[in-house]
């Protein structure tokens with residue numbers, strides 16, 4: 038698929054990231070699309086039916102192209118039941134403090150993937166993206182026949198090559214600066230002590246390895262940063278944390294406030310909340326439980342879900358998963374449509390500045 042096909046999806050080379058857990062509400066997606074960017078629903082953590090209801094809500098809000106993101110079924114070694122039970126015991130004090138039982142670990146590791154695929158092939162949406170792996174070539178070919186543009190999230194040049202060989206239309210290159218889960222194809226605990234690759238370096242590695250269009254994501258909060266990744270070889274930029282403070286966002290109010298709260302000064306990768314590496318604001322729960330949380334996704338996600346919900350109900354951000362990219366302190370509380378306009382204006386200014394410097 039050509040670069041122009043990606044750029045034809047929206048007026049501006051701006052993509053609103055899919056944020057599982059509520060951030061990517063239909064209202065946010067609709068407002069983003071109406072303003073000229075590409076909005077994404079997050080299919081993760083929803084039932085197939087729940088995902089389809091949100092698709093219908095977005096269609097009622099906008100006639101412009103939008104996307105849906107899916108989590109790939111977990112591959113690799115299964116979680117160690119003993120490690121999960123040890124973590125359950127270690128979280129007993131949290132359950133007591135928040136007066137809630139711990140969640141039951143779910144044996145299902147596929148997030149309802151097949152049912153969601155069936156819906157998206159039966160009633161296609163313009164774009165589908167994938168996280169935690171690359172779909173089978175047969176699935177990507179089916180989407181191509183349905184007229185759906187496919188994007189695979191990658192965190193290395195090797196993953197990008199695999200996506201190209203499988204038949205993806207584009208890749209979303211996710212730098213280590215990005216908030217939320219790292220979209221690696223395989224979760225290797227042995228890599229936990231190895232810092233991820235920053236966006237600009239990773240973008241260059243991928244650009245020199247594949248011929249696919251690239252969406253760049255990770256820590257982008259301003260139009261000038263969008264211009265920077267475009268100059269480095271990306272065809273569009275994807276922003277998640279930048280949209281969390283928008284009134285249309287479904288993020289919890291405590292989460293929105295925490296992004297610019299001086300109490301939260303840094304982010305870190307952790308397995309504490311879900312069992313898979315994800316970047317969030319460093320709070321009490323992350324500090325206390327991150328060091329020994331096991332590699333067990335989605336089991337730990339289900340185990341901690343009641344704690345996170347109870348902490349939010351209690352108004353305690355210290356017990357919540359506050360996903361955020363490294364640029365979180367630059368978040369702006371603007372309506373989504375207005376934020377797209379501001380980002381586009383900043384991008385235009387930055388591109389004009391680049392052209393002027395090149396001409397001088």
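Residue numbers (my numbering): 38 to 397.
Glycine included, C-beta positions come from ideal geometry on N, C-alpha and C.
If you're wondering where the values come from, they're calculated on a predicted model, not measured in any experiment.
In the structure shown, the three-state DSSP call for residue 166 is strand.
Contact check for residue 275 against residue 248 fails: the beta carbons are separated by 8 Å or more. When Cβ pairs closer than 8 Å are counted between the two stretches, the region 74 to 92 is seen not to touch the region 132 to 142, the count staying below three.
Residue 150: not part of any beta strand (DSSP E); member of the alpha helix (DSSP H) spanning 150 to 159, first to last residue.
Approximately 7 Å separates the beta-carbon atoms of residue 255 and residue 362; this is inside 8 Å, confirming the contact. About 6 Å separates the Cβ atoms of residue 88 and residue 153, confirming a contact at the 8 Å cut-off. Residue 285 places its beta carbon less than 8 Å from that of residue 62. Between residue 345 and residue 330, the gap from beta carbon to beta carbon reaches 8 Å or more. The region 279 to 357 is shown to contain whole beta strand (DSSP E) runs of 3 or more residues at 304 to 307 and 315 to 318, in chain order. With a contact defined as Cβ atoms closer than 8 Å, residue 337 and residue 311 qualify at about 5 Å. Counting other Cβ atoms within 10 Å of its Cβ, residue 273 reaches 16 or more and is therefore classed as buried.
The region 345 to 361 and the region 156 to 171 do not touch, with fewer than 3 CB-CB distances between them shorter than 8 Å. Looking only at 225, 240 and 42, the smallest Cα-Cα distance to residue 186 is reached by 42. By the Cβ test, the region 372 to 391 is not in contact with the region 172 to 179, since fewer than three Cβ pairs between them sit closer than 8 Å. Remark: C-beta atoms of residue 281 and residue 60 approach each other more closely than 8 Å.
Secondary structure of residue 186 (DSSP, three-state): strand. Distance from the CA atom of residue 261 to the CA atom of residue 132, rounded to whole angstroms, is 44 Å. Contact annotation: residue 65 and residue 264 have beta-carbon atoms that are not nearer than 8 Å. Excluding five sequence positions before and after residue 58, the CB atoms of its chain that fall closer than 7 Å to its own CB belong to 82, given in chain order. Per DSSP, residue 78 is one residue of the beta strand (DSSP E) stretching across 76 to 79. CA-CA distance, residue 314 to residue 111, rounds to 14 Å. Bridge partners of residue 208 according to DSSP: 189 and 251. Contact check for residue 55 and residue 166: beta-carbon distance about 7 Å, within the 8 Å limit, so the pair qualifies. In the three-state DSSP reduction, residue 53 falls in the strand class (E or B).
Rounded to the nearest whole angstrom, the CA to CA distance from residue 367 to residue 289 is 18 Å. Taking every protein chain shown into account, the CB of residue 207 has 16 or more other CB atoms within 10 angstroms, so this residue is buried. In this structure, 137 is the residue among 241, 69 and 137 with its C-alpha nearest to the C-alpha of residue 342. Between residue 319 and residue 305, the CB-CB gap stays under 8 Å. Per DSSP, residue 201 has no beta bridge partner at all. Bridge pairing for residue 360: 317 [DSSP]. By the C-beta density criterion, residue 202 is exposed, having fewer than 16 other C-beta atoms within 10 angstroms.
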